[in-house]
Amino acid sequence: MIQLWSAIAVAILTVVIGPLLRGEASGRLAKRIALHTDLRPKLEGNSVALEHLDSLLVNEAKALEERETYRLTRKLNGGNVAALIIVALAGGGVVYGLISGAIATSDVPAWPWVFIAFAVLVGIFTIALAAVGLGTLYAPPRDKGEKPATSG
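Following this line, the structure appears as structure tokens:
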């Protein structure tokens, strides 16, 4: 039973850890805009500072608009999604096999620890590989009329 749970844990962590590591850039930008907006009343007596703050707010709002517009129109890259699923399943399967090997060799003094060490390494590698792959889940934006890149 522990083999099954370890394989499930690797597959779930593969999909969960990546977004947590990446964070949300738009959320931080929105918080920064709110902070700068709250700062505005404190600068009422300084017209030069207000001009600079207004300019900064315009630039930040434009950047936020561009990011959110992109997020609403982005498309999933099917090949990368499939690769991520295959990596998660393969890593989970290998961890399952290694934990099964550790249980099967539990009567030999050192072998279970060797299997467990390899299972941990494979699990960490799978999670790291998937976390890197999560950054490429969406197809890059193309200009209108531009054809998708083909290999060959």
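When you number the sequence shown by this note's numbering, it's gap-free, plus one each residue, and the end is 411. Built from N, CA and C at the ideal position, the CB exists for glycine as well. It should be emphasised that the depicted structure is a prediction, and the values quoted were computed from it without experimental measurement.
Output the distance between the C-alpha atoms of residue i and residue j, rounded to the nearest integer angstrom.
i              : j            : result
isoleucine 267 : glycine 351  : 7 Å
alanine 320    : valine 346   : 38 Å
arginine 291   : leucine 343  : 33 Å
arginine 287   : leucine 396  : 21 Å
valine 373     : alanine 398  : 41 Å
proline 400    : arginine 299 : 35 Å
isoleucine 375 : leucine 393  : 27 Å
glutamate 327  : alanine 349  : 34 Å
glutamate 325  : arginine 333 : 12 Å
Between residue i and the rest of its own chain, which residues show a CB-CB distance below 8 Å, the 5 nearest in sequence each way excluded?
i                 : result
phenylalanine 377 : Leu357
histidine 295     : Leu312, Leu315, Leu316 and Glu319
Is the shortest distance between the beta-carbon of residue i and the beta-carbons of chain B less than 9 Å?
i          : result
lysine 334 : Absent from the structure: chain B. Only one protein chain is present.
Locate the alpha helix (DSSP H) running through residue i, then write down its first and last residues.
i          : result
valine 391 : 370-392
valine 307 : 306-332
Taking the beta carbon of residue i as the centre, do at least 16 other beta carbons fall within 10 Å, making it buried, or is it exposed?
i              : result
isoleucine 271 : exposed
leucine 331    : exposed
leucine 309    : exposed
alanine 363    : exposed
> For the 8 Å Cβ check, are there 3 or more pairs between the region 326-338 and the region 299-313?
Replying inline: no
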